[in-house]
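See below for the structure under consideration.
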Amino acid sequence: MDLDFLAHLPAQRDLLERVLACYTADERVLGLMLYGSLAQGEGDEFSDIDLNVVTDPPHHADLLAEAPVTAGSFGRLLYNFRGASDEPTQFYA
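Each residue of the sequence shown is one higher than the last, beginning at 554 in this note's numbering.
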């Protein structure tokens, strides 16, 4: 994925590069969907990264269970809460 559109946001770009490297190497991941302000080209230095990880249903529970450990390789956890779908939502720096 070409991330040149994030050249003006190095923190988000660096984090997204780490996340993409991890999940594109995982055969259980079918795709990744970036959405929100960054995807729309409206992000700023305070923008979060809105990213959906798409899996086959049999792998969903395993990837969710592994998420805290996997995410630990991306950076320091800032905030953790349950999202609208009642699944874990986490913020990293």
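Positions of the beta carbon are idealized from the N, C-alpha and C atoms, including for glycine. The model shown is predicted, which means the values in this text are computed figures rather than measured ones.
Beta-bridge pairing of residue i - partner residues as DSSP gives them
i: Y588; result: D603
i: V622; result: BP columns for V622 are empty, so no partner.
Exposure label - residue i; buried when at least 16 CB within 10 Å
i: L568; result: buried
i: V622; result: exposed
i: V606; result: buried
i: G625; result: exposed
Supposed close pair residue i, residue j - CB separation, criterion 8 angstroms
i: L591; j: D609; result: That belief does not hold up - the Cβ atoms of L591 and D609 are roughly 26 angstroms apart, past 8 angstroms.
i: F627; j: R566; result: Actually they do not touch by this definition, with Cβ atoms about 13 angstroms apart.
i: L604; j: R581; result: The Cβ separation is near 16 angstroms, so there is no contact.
Residue i versus the options, residue with shortest Cα-Cα distance
i: D601; options: F627, E619, G589, D579; result: G589
i: L573; options: H561, D555, L562; result: D555
i: L499; options: T577, G594, G625; result: Given that the chain is displayed from residue 554 to residue 646, the structure contains no residue 499 and the question cannot be resolved.
i: A560; options: T577, D579, L585, E598; result: E598
i: L587; options: F558, A620, A614; result: F558
Start and end residues, alpha helix (DSSP H) containing residue i
i: E570; result: 563-577
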